[in-house]
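In this note's numbering, the protein residues as written are 3 to 910.
Have a look at the structure below before the remarks.
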Amino acid sequence: MKYLSYFLFLLLNSSIFAQVQITEMTCEHQQNPMGIDVLNPRLSWKLKAQERNILQTAYQIRVSSTQAFEKKNLVWDSGKTPSGESILQVYKGTALQSGKMYFWQVKVWDNQGRDTDWSNTASWEMGLLSINDWKAQWIEPTTQALPEIDNSKALMLRKNFALKNKIVSARAYVTSHGYYELSLNGQKVGNEVLTPGWTAYHKRLQYQVYDVTKMLRSGANAVGTMLGEGWFRSNLGWVNNKGYYGKRLGLLCQIYVKYADGTEDWVLSDGSWKATNEGPIKVNEIYDGENYDATREMKGWNEANFNESQWTNVSTAIFDNKNLVASEGAKVERIEELKPIKIFRTPKGLLVADMGQNMVGWIRLKVTGAKGTKIVLRHAEVLDKFGDFYTENLRKAKCMLTYTLKGEGEETYEPRFTFMGFRYVAIEGMDLKTENLTGIVVHSKMTPTGTFECSNSLVNQLQHNIQWGQKGNFVDVPTDCPQRDERLGWTGDAQAFCRTAAYNFDVSAFFTKWLKDVAADQRPDGSIPWVVPDILNKMDAATVPGSAGWGDVVVIAPWTMYLTYGDKQLLENQYPSMKAYVEFIRKKAGDSYLWKNGSIFGDWLFYKPVMDSHGEPDGYTDKDYISTAFYAYSTSLVKEAALVLGKEEDAKMYGEVFEKIKKAFNEQYVTGAGRIASDSQTAYVLALNFGLLPENLQAKAANYLVQDIKSRENHLSTGFLGTPYLCHVLTKNGYTDVAYDLLLQEKYPSWLYPVKMGATTIWERWDGQKVDSTFQDVGMNSFNHYAYGAIGDWMYRVVAGIEINSKSKGYKQFYLKPEPSVRLNYAKSTLNSPYGEIASGWEWKEDGKIKLTMKIPANTRATITLPKNKNGDFAGAKLIESLGLQNLKKTEKGIEVEAGSGEYVFEY
Ligand code: BGC
């Protein structure tokens with residue numbers, strides 16, 4: 003009876019809409035973007051269809067300079083273009099103009115011989131395409147009145163201006179040295195915060211574009227701006243770095259107004275503006291927080307008719323503006339609000355609010371009280387073992403808000419120029435209640451794209467923690483941590499996590515932007531700074547720049563973004579920097595093909611029992627071994643990129659270099675029995691994952707890896723570099739069950755140990771807080787560090803089985819090949835890919851049966867692998883074929899079929 007399996011196939015609602023729908027239109031990875039400075043932007047759309055097997059066979063795009071698509075207004079009509087491509091199609095019309103808005107529509111033809119109507123209209127607006135479009139002047143405080151770095155008071159700038167006529171449209175183009183907050187007629191402009199974001203400022207400084215039409219009026223108006231220290235001038239890193247990018251705050255702002263009668267006006271930053279630093283923000287520093295004295299507020303300072311006689315003049319300054327770029331990353335905004343789950347007294351008597359979640363952003367205060375009352379809020383991620391407020395892991399960062407009441411009824415305050423990573427808020431100065439405090443969660447606005455859920459609630463909490471780790475550390479740049487005196491774009495952390503990041507959220511715009519900074523901050527010798535934007539260069543240039551596994555972000559992240567989002571142009575743009583990095587290593591390694599002294603961080607934060615009492619073998623991996631392994635890996639990815647980009651000579655050359663590294667690597671580190679000289683989990687993981695072992699040794703090496711895991715009673719010992727690949731290597735070598743053992747391990751070191759300890763984000767260390775609630779370390783102990791969250795992509799790719807087909811782009815073709823475990827009852831996942839929503843889920847049923855639920859978006863195809871059910875059976879092959887699934891094949895892991903778009907349910 004065992005082999006008498008049966009198979010049930012449910013055909014879901016065949017044709018509810020006998021029509022393909024066009025949804026989610028984007029330009030350059032953004033919906034309705036303002037300020038595009040790409041001369042030939044790319045347009046994408048998604049197709050939706052209820053029927054199965056829908057493919058696009060042709061499209062037509064039309065772009066118009068007005069909302070009416072009359073022939074005379076069209077700047078591009080692609081005509082019917084035979085193509086299955088529905089993402090990133092390059093604009094090929096007449097030259098687009100600075101500051102102009104464009105409207106576009108698309109229609110498609112499908113493989114059923116039908117065409118759609120024109121889609122809804124989407125739009126984008128061009129940024130300023132030439133330096134000459136900048137008419138405004140940089141303004142700074144005059145040296146006499148407001149000296150350079152004397153303090154960290156916020157600078158306020160203002161100007162009155164009059165507009166003559168009825169306004170039909172108005173745009174503000176703004177950037178600054180330091181953070182800015184722009185306001186018009188008393189109101190903040192735009193939803194973005196922490197502008198202008200963080201980039202390699204001297205080479206790339208972003209400006210933002212705002213539609214301010216509704217904020218202006220004919221007659222008297224005023225513009226006001228507050229400038230804070232920001233990344234430009236705050237004290238950065240744990241080294242003394244105050245004023246790293248420059249000593250003076252500055253503003254560049256121009257407002258362009260169009261009147262109904264066809265005339266226009268400009269409001270420009272220039273010598274006529276006024277300045278003061280005698281406003282309410284007495285201190286602002288990214289790490290330290292803000293000190294806001296509401297008694298110093300200047301009522302109406304950003305409105306017309308304000309008496310500015312006490313304000314000083316400003317100086318104009320000259321910068322060449324060649325570094326100005328339109329802002330293209332995901333905008334940093336207030337994303338959600340949390341209320342405290344309780345307010346309590348600690349054993350030491352401190353009043354503390356628990357936000358219930360380790361979050362990033364700040365607190366909004368709403369209070370009533372006497373003038374001069376001072377409230378101090380301090381922030382912490384954890385409580386110590388006594389339940390007391392713990393801030394030592396913040397190192398030098400004060401993470402403090404001080405608010406002095408003005409005493410005029412209800413007062414609301416939110417900081418502007420700082421952010422904090424915290425779960426607990428210590429309150430001094432007033433007995434605050436829940437209603438006085440709101441947690442404002444701030445991060446780059448990335449569209450959520452992935453969900454993962456299974457029958458184990460601890461794993462679900464792990465997924466939650468991974469996603470919150472991403473939210474808190476994707477604040478314009480991918481940071482290591484959001485709380486202590488770092489918050490820096492650590493390259494190693496970003497490469498480890500980027501694949502997982504791209505499942506959880508749409509990070510295409512985010513990485514497009516940051517990777518340009520990686521290339522911009524690359525050293526002339528091709529090495530990559532430890533952090534990007536690079537503010538530690540005095541340190542790393544003197545030691546090991548581009549430490550192996552860190553510098554490799556320059557190769558790994560673009561390749562990952564290409565795979566995930568199908569963005570070939572990104573790969574093309576990044577290719578020179580990818581290649582330069584590999585060439586940098588190549589020079590160092592020379593004819594030995596071994597990269598010596600290439601790593602300073604090694605397998606950072608691997609399991610180190612010497613630091614506790616476990617008394618087990620240590621997980622150390624030789625640093626030179628790591629360096630050569632990453633040298634090989636980056637070389638192989640540059641070869642892959644060269645193939646995609648049609649650079650055949652490079653592909654051939656890097657293919658050969660890879661083989662030479664592989665040979666040297668094996669001679670140096672691998673014994674004939676497949677044992678690796680640096681006998682650690684990470685050593686086996688890197689060798690196997692990077693394809694460095696000859697075929698006959700792979701199974702042996704995998705076996706040593708498994709033995710090591712077993713000898714540690716199903717525990718990992720990997721650090722930042724080995725961890726992301728560990729479970730994948732196990733899966734690829736037939737040990738998915740061992741990978742599940744690691745995933746489901748609840749004792750330290752493991753992913754679920756912090757979850758069991760109450761974590762709501764991913765910890766920097768496997769044992770940040772020990773079982774007895776003491777801390778592992780003071781200086782390096784962040785409770786919001788995403789690197790170990792890189793297990794997330796194994797959950798999506800293996801547990802749920804949603805996997806890219808690297809021969810196609812951005813999930814045009816992909817795999818659905820879940821590998822269920824009897825240790826879970828069900829698992830399911832969705833991914834909103836560039837083509838639309840993919841879903842994959844499985845569930846054990848009675849009698850050992852399995853039920854699979856899958857969704858393949860229109861205009862894609864998937865290879866489905868149906869896993870064995872609990873009885874070890876495959877599905878009834880004939881039945882599948884008769885229902886139109888193609889290329890049926892039996893494999894080691896199950897039955898493989900080719901499927902077109904649609905929804906499928908299998909039970910057998
Ligand atoms: C950061 C890490 C980073 C590391 C390099 C730390 O201070 O927080 O995440 O990758 O330094 O060793």
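For glycine and all other residues, C-beta sits at the position ideal for the given N, C-alpha and C.
*Cβ pair count under 8 Å reaching 3, the stretch 129-147 against the stretch 316-328*: yes
_Close Cβ partners of Gln747 (< 7 Å) along its chain, the five nearest in sequence each way excluded_ = A distance below 7 Å between beta-carbons, with the five flanking residues on each side excluded, links Gln747 to the following residues of its chain, in chain order: Asn716, His717, Leu754.
*If you drop the 5 nearest sequence neighbours on each side, which residues of the same chain put their C-beta closer than 7 Å to that of Asn834?*
Taken in chain order, the residues that qualify are Thr451.
*N- and C-terminal bounds of the beta strand (DSSP E) containing Thr144*: From DSSP, Thr144 is part of no beta strand (DSSP E); its letter is neither H nor E.
*Would you decide whether Phe499 is buried or exposed? Buried here means 16 or more other CB atoms lie within 10 Å of its CB.*
buried
*Relative to the alpha-carbon of Arg250, which residue among Leu184, Asn153, Met797 has its alpha-carbon at the smallest distance?*
Nearest C-alpha to Arg250: Asn153.
*the stretch 20-33 touching the stretch 116-127, judged by at least three CB pairs closer than 8 Å*: yes
*DSSP-derived helix/strand/coil call for Phe513*: DSSP places Phe513 in helix when its eight states are reduced to three.
*Coarse secondary structure for Ile442, derived from DSSP in three states*: strand
*Identify the residues that DSSP records as bridge partners of His179: which are they?*
Gly252
*When DSSP builds the beta bridges, which residues end up paired with Leu565?*
Beta-bridge pairing links Leu565 to no other residue.
_Rounded straight-line distance, which links the Cα of Met300 to that of Leu407_ = 14 Å
*asked:* Can you check which of these residues, Thr297, Leu186, Ala262, Leu396, is closest to Ser290 by C-alpha distance?
replied: For the record, residue 290 in the displayed sequence is Asp; it is not Ser. With distances taken between Cα atoms, Asp290 lies closest to Leu396.
*Anticipated Cβ contact below 8 Å, Val584 with Val555, distance rounded*: In fact, because the Cβ distance is near 13 Å, the residues do not count as touching under 8 Å.
*Would you say the beta carbon of Glu488 comes nearer than 7 Å to a heavy atom of the ligand BGC?*
yes
*State whether the stretch 351-370 contacts the stretch 413-426, with contact taken as three or more CB pairs (one from each stretch) at a distance under 8 Å.*
Taking one beta carbon from each stretch, the stretch 351-370 and the stretch 413-426 have 3 or more pairs nearer than 8 Å; the two touch.
_Below 7 Å, is the gap between the Cβ of Met103 and the nearest heavy atom of the ligand BGC?_
Because no heavy atom of the ligand BGC lies under 7 Å away, the Cβ of Met103 does not count as near it: no.
*For Lys641, does the count of other Cβ atoms within 10 angstroms reach 16, so buried, or fall short, so exposed?*
buried
*asked:* Under 7 Å: does the beta carbon of Trp516 sit that close to some heavy atom of the ligand BGC?
replied: no
*asked:* According to DSSP, Asp213 sits in a beta bridge with which residue or residues?
replied: Bridge partners of Asp213: Arg173.
*Can you find a C-beta in chain C that's less than 8 Å from the C-beta of Ile558?*
The chain labelled as chain C is not found in the depicted structure, where only one protein chain is given.
*Note down the Cα distance separating Glu574 from Tyr564, rounded to an integer number of angstroms.*
10 Å
*Residues with C-beta closer than 7 Å to any heavy atom of the ligand BGC, in chain order*: Counting every residue whose Cβ lies closer than 7 Å to a heavy atom of the ligand BGC, we get Asp482, Cys483, Glu488, Trp492, Gly494, Asp495, Trp532, Trp552, Phe603, Trp606, Phe722, Glu766, Met782, Ser784, His787, Ala789.
*Span of the alpha helix (DSSP H), counted from its first residue to its last, around Asn705*: 697-713
*Can you tell me which of the three DSSP states Leu573 falls into?*
helix
*Would you tell me roughly how many angstroms separate the C-alpha atoms of Val77 and Asp272, rounded to the nearest one?*
36 Å
*So, Tyr828 versus Asn861, is the Cβ gap smaller than 8 Å?*
Tyr828 places its beta carbon 8 Å or farther from that of Asn861.
*asked:* Check whether the stretch 475-483 and the stretch 492-507 touch, using three or more Cβ-Cβ pairs below 8 Å as the test.
replied: yes
*By Cβ distance below 8 Å, which residues in the same chain neighbour Asp626 in space, the five residues on each side in sequence not counted?*
Leu596, Trp597, Lys598, Asn599, Gly600, Ser601
*Can you list, in chain order, the stretches of the beta strand (DSSP E) that have 3 or more residues and sit fully within the stretch 584-653?*
none
_I need the straight-line Cα distance from Glu305 to Lys155, nearest angstrom please._
21 Å
*When you compare only the Cα positions, how much space is there between Ala550 and Leu131?*
Roughly 38 Å separates the two Cα atoms.
*Using the Cα positions of Val533 and Cys483, report the straight-line distance between them to the nearest angstrom.*
12 Å
_Alpha carbons only, please: which of Pro726, Gly736, Phe632 is nearest the one belonging to Phe692?_
Residue Phe632 holds the alpha-carbon nearest to the alpha-carbon of Phe692 among Pro726, Gly736, Phe632.
*Val907, DSSP secondary structure in three states*: If DSSP states are grouped into helix, strand and coil, Val907 belongs with the strands.
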